[in-house]
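Going by my numbering, the sequence shown opens with residue 33, and the numbers climb by one from there. Cβ atoms here follow ideal geometry from the backbone N, Cα and C, with glycine treated the same way.
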Amino acid sequence: STIAILPGSLLSSAPNSKLRTAHIGVGGMGKADLTSIASHPRVEVAALCDVDSDRLRAMKQVFPNARVFSDYRELFSAMGDSIDAVSVSTPDHTHAPASMMAMNLGKPVYCQKPLTHDVYEARQMRLLSEKKGLITQMGIQIHSRAVYRKSVQMIQDGVIGKVKRVHAWSNKNWGYDGPAFGGE
Numbered sequence: 033s034t035i036a037i038l039p040g041s042l043l044s045s046a047p048n049s050k051l052r053t054a055h056i057g058v059g060g061m062g063k064a065d066l067t068s069i070a071s072h073p074r075v076e077v078a079a080l081c082d083v084d085s086d087r088l089r090a091m092k093q094v095f096p097n098a099r100v101f102s103d104y105r106e107l108f109s110a111m112g113d114s115i116d117a118v119s120v121s122t123p124d125h126t127h128a129p130a131s132m133m134a135m136n137l138g139k140p141v142y143c144q145k146p147l148t149h150d151v152y153e154a155r156q157m158r159l160l161s162e163k164k165g166l167i168t169q170m171g172i173q174i175h176s177r178a179v180y181r182k183s184v185q186m187i188q189d190g191v192i193g194k195v196k197r198v199h200a201w202s203n204k205n206w207g208y209d210g211p212a213f214g215g216e
């Protein structure tokens, strides 16, 4: 919901009572985040960015006043002074670089998971957020629901015995397509 994404302190600091947002990645989860954030009456979608021109064109029809970019670096160069907050919902490998660039410009960031590829990147983002006094949030969607927390607690309490091996499956093709690791 927009309440979770847009804390009151961020809205109250928006000049002219509008929060001008830039959205990097506007397909899939990015489209969902964009739609949620834009539903708040005090949000003005100022910029859209995606490398997929079809997705960008589709969202431009929904937000005709937004400027469009295919490179987030160009977005920040052209509009860094005129946006108030940034949403990053790109493929995983660009989450940290796009978020860090926004944060270096003093912009609060809402970023999809995974936030980073390693602990070092996460620590750098935390340090920059603290240094600049920025509000940041990572989207965790359903992973914060009670059923997930209860499942974790049951596993940690040993209800199902000691977990020795986990097999995970997804019908989504979002990553590595090569041979299985470890020869399995």
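- DSSP, reduced to helix, strand and coil, places residue 52 within a strand of the structure shown.
- Counting the other CB atoms within 10 Å of its CB gives residue 178 a total below 16, which places it among the exposed residues.
- Take the alpha-carbon of residue 195 and the one of residue 181: they are about 17 Å apart.
- Three or more Cβ pairs closer than 8 Å define a contact, and the region 138-152 meets that threshold against the region 105-123.
- With respect to the C-alpha of residue 75, the residue from 51, 131, 65 having the closest C-alpha is 51.
- Short of 7 Å from the beta carbon of residue 199, and not among the five residues preceding or following it, lies no beta carbon of its own chain.
- Going by DSSP, residue 88 is part of the alpha helix (DSSP H) stretching over 85-94.
- If you draw a 10 Å sphere on the C-beta of residue 65, you find 16 or more other C-beta atoms in it, and that means buried.
- Following the DSSP letters along the chain, one finds residue 131 inside the alpha helix (DSSP H) bounded by residues 127-136.
- DSSP, reduced to helix, strand and coil, places residue 67 within a helical segment of the structure shown.
- A residue is called buried once 16 or more other Cβ atoms fall within 10 Å of its Cβ, and residue 104 is buried on that count.
- In the structure shown, residue 198 adopts coil according to DSSP, grouped into three states.
- If the five residues before and after residue 92 are omitted, its C-beta is found closer than 6 Å to the C-beta atoms of 100, all from its own chain and listed in chain order.
- The secondary-structure analysis by DSSP pairs residue 170 across a beta bridge with 143.
- Cβ contact annotation for residue 145 (same chain, cutoff 7 Å, sequence separation greater than five): 170, 171, 172, in chain order.
- Judged by DSSP in its simplified three-state form, residue 177 adopts coil rather than helix or strand.
- Within the same chain, Cβ atoms closer than 6 Å to the Cβ of residue 77 are found at 53, 70, 95, 98, the five residues on either side in sequence being excluded.
- By the 16-neighbour rule on beta-carbons within 10 angstroms, residue 82 is buried.
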